[in-house]
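In UniProt numbering, the protein residues as written are 1 to 556. So the structure is just underneath, and the comments pick up after that.
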């Protein structure tokens with residue numbers, strides 16, 4: 001495109017009009033990028049990542065996930081510059097999510113109205129929580145309050161008014177939405193200062209060389225992985241099958257850290273070679289698809305801890321970390337409603353007690369998600385050979401692990417099942433690490449203008465542990481720092497955390513870091529509180545059904 005065309009000044013009104021017409025407009029500071037719809041399916045990070053950035057200034061997100069060479073390539077999509085400072089709007093994918101929830105609520109209301117006289121069931125939309133609080137504890141008192149009847153009466157008008165929102169409508173709505181205190185008390189100038197200060201921090205880390213990979217550190221990682229695998233084989237050969245299973249789990253535990261690095265392009269910083277490393281370690285040695293992981297994990301970083309969009313906190317019917325999930329939200333990642341049905345209402349009240357046992361079986365769920373991703377061809381349409389390479393890796397993994405190791409090397413089915421269960425349960429601490437930094441943090445998004453750095457520190461906390469334990473946590477103890485700088489090599493995260501601590505103090509943003517025991521306690525407290533609210537829902541419903549007066553005049 002000619003330089004003059006790229007310099008065309010576009011008004012915010014014109015840009016909003018293009019967005020409402022379905023054009024994927026992403027801003028790179030003042031530069032307006034028109035992403036071809038045909039490119040979305042070919043984006044290596046997944047199409048939803050771009051969709052969540054439509055209508056937003058994605059400068060910091062793009063800087064975090066792309067090398068400078070790719071950012072230069074993006075400029076070929078530039079169609080102009082914005083006339084004035086851009087105010088982010090809610091992306092259409094998130095507006096569509098609201099419309100689908102309303103459609104589902106309407107259908108549910110009609111179904112309930114038709115059957116309530118014969119089944120005695122309470123219409124489900126009468127027991128939904130507004131989820132207007134960032135913390136579970138602060139919203140507990142209003143779970144079932146006097147506004148229920150007014151919500152019931154306004155349900156139809158609410159639906160009709162929200163199924164066709166424009167960018168301007170959503171922007172106005174977001175202005176009225178309650179957020180956390182930092183966002184509400186900050187004007188645009190303050191937010192801009194925080195953003196500029198954060199970019200200076202990134203430049204400082206680059207100047208210190210922290211984005212350069214300390215390859216020598218991977219020698220220790222490789223040694224631990226090889227040692228665990230060797231010990232596993234020795235015990236297996238000696239007939240100590242369950243002891244062997246423990247080291248099998250330890251092997252996978254250590255392997256994941258390097259695969260995670262590769263998925264974030266933080267080893268060689270080259271997409272091809274890091275993808276090869278990640279796909280080989282993930283599929284051939286671990287049975288897990290790197291492509292599946294990247295598709296879900298990139299979304300997790302972009303819309304961290306948003307109940308409707310972040311797949312890493314969408315665990316119904318077993319767990320819910322936010323009362324918002326009681327509303328049977330539509331998940332933009334899974335492209336379906338997450339029903340808070342009878343089974344979920346039974347399980348969630350006890351989630352505090354099920355948390356660790358469920359995580360013992362987390363790896364089985366990852367197998368299923370990986371196979372679904374590869375078999376259903378859910379990945380990007382670029383680098384098509386990746387899918388074939390991963391499918392071969394899956395076959396290889398199940399051959400050496402499932403056939404040669406479990407079936408051929410272990411004599412009885414009882415021991416085989418025990419070996420599989422023990423080896424997978426040993427990886428439970430890894431799944432604790434995945435969830436520990438997010439489950440107790442904020443789940444209410446203040447609005448589309450929240451700076452990248454504020455979003456990551458609002459939704460993520462770090463685990464304080466001694467340096468000699470870094471081998472066990474594998475960098476996952478510095479999730480907040482990692483979320484701020486996704487491609488920063490994990491062996492440098494400890495140094496970066498000191499810079500983040502000083503920076504966050506200077507700009508007035510809380511950087512939350514606690515000991516391992518306290519982090520676990522905070523997560524369990526959140527699960528207990530949300531579970532208590534779920535139990536309250538069920539008890540209220542049962543009581544009203546018992547009295548049979550949920551539509552009577554005493555509700556007036």
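Where is the CB? At the ideal position from N, CA and C, for every residue including glycine. Owing to the predicted nature of the structure, the values given are computational and were not obtained by experimental measurement.
My output table needs one value for residue i: the three-state DSSP class, helix, strand or coil.
i: residue 56; result: coil
i: residue 331; result: strand
i: residue 210; result: coil
i: residue 514; result: strand
i: residue 475; result: coil
i: residue 81; result: strand
i: residue 522; result: helix
i: residue 352; result: helix
i: residue 41; result: coil
i: residue 266; result: coil
i: residue 454; result: helix
i: residue 313; result: helix
i: residue 181; result: Residue placement at residue 181 cannot be trusted, given a pLDDT of 44 that sits under 50; what the coordinates show is reported in the next sentence. Here residue 181 sits in helix by DSSP.
i: residue 48; result: helix
i: residue 444; result: coil
i: residue 467; result: helix
i: residue 540; result: helix
i: residue 370; result: helix
i: residue 378; result: coil
i: residue 283; result: helix
i: residue 323; result: helix
Output the distance between the C-alpha atoms of residue i and residue j, rounded to the nearest integer angstrom.
i: residue 546; j: residue 536; result: 15 Å
i: residue 133; j: residue 319; result: Confidence in residue 133 is poor, its pLDDT being 38 and thus under 50, which makes the residue's placement too unreliable to answer from.
i: residue 406; j: residue 357; result: 23 Å
i: residue 296; j: residue 314; result: 11 Å
i: residue 349; j: residue 534; result: 6 Å
i: residue 59; j: residue 7; result: 18 Å
i: residue 514; j: residue 83; result: 45 Å
i: residue 61; j: residue 420; result: 40 Å
i: residue 454; j: residue 68; result: 23 Å
i: residue 57; j: residue 81; result: 12 Å
i: residue 474; j: residue 463; result: 12 Å
i: residue 40; j: residue 326; result: 32 Å
i: residue 333; j: residue 467; result: 36 Å
i: residue 216; j: residue 353; result: 42 Å
i: residue 391; j: residue 265; result: 21 Å
i: residue 86; j: residue 12; result: 7 Å
i: residue 488; j: residue 248; result: 29 Å
i: residue 36; j: residue 9; result: 20 Å
i: residue 192; j: residue 525; result: 35 Å
Is there at least one non-hydrogen atom of the ligand ATP closer than 8 Å to the beta-carbon of residue i?
i: residue 362; result: Questions concerning the ligand ATP fall outside what the structure shown contains, since it holds no ligand whatsoever.
Can the beta-carbon of residue i be found closer than 9 Å to that of residue j?
i: residue 308; j: residue 94; result: yes
i: residue 225; j: residue 188; result: no
i: residue 465; j: residue 425; result: no
i: residue 43; j: residue 411; result: no
i: residue 262; j: residue 286; result: no
i: residue 423; j: residue 203; result: no
i: residue 223; j: residue 503; result: no
i: residue 46; j: residue 90; result: no
i: residue 472; j: residue 362; result: no
i: residue 444; j: residue 194; result: no
i: residue 512; j: residue 201; result: no
i: residue 311; j: residue 341; result: no
i: residue 440; j: residue 519; result: yes
i: residue 387; j: residue 447; result: no
i: residue 288; j: residue 370; result: yes
i: residue 50; j: residue 32; result: no
Go to residue i, then tell me how far its alpha helix (DSSP H) extends in each direction, as first and last residue.
i: residue 432; result: 428–436
i: residue 462; result: Careful: residue 462 lies outside any alpha helix (DSSP H), inside the beta strand (DSSP E) at 462–464.
i: residue 308; result: Neither: residue 308 is in no alpha helix (DSSP H) and is coded neither H nor E.
i: residue 396; result: 385–397
i: residue 222; result: 217–238
i: residue 261; result: 241–263
i: residue 295; result: 290–302
i: residue 494; result: 493–507
i: residue 403; result: Looking at the DSSP string, residue 403 is not in any alpha helix (DSSP H), and its letter there is neither H nor E.
i: residue 74; result: 68–74
i: residue 277; result: 271–279
i: residue 416; result: 413–425
i: residue 347; result: 342–347
What does DSSP give as the partner residue(s) for residue i in the beta ladder?
i: residue 87; result: Answer is none; residue 87 lacks a bridge partner.
i: residue 25; result: 34
i: residue 10; result: 82
i: residue 336; result: 331
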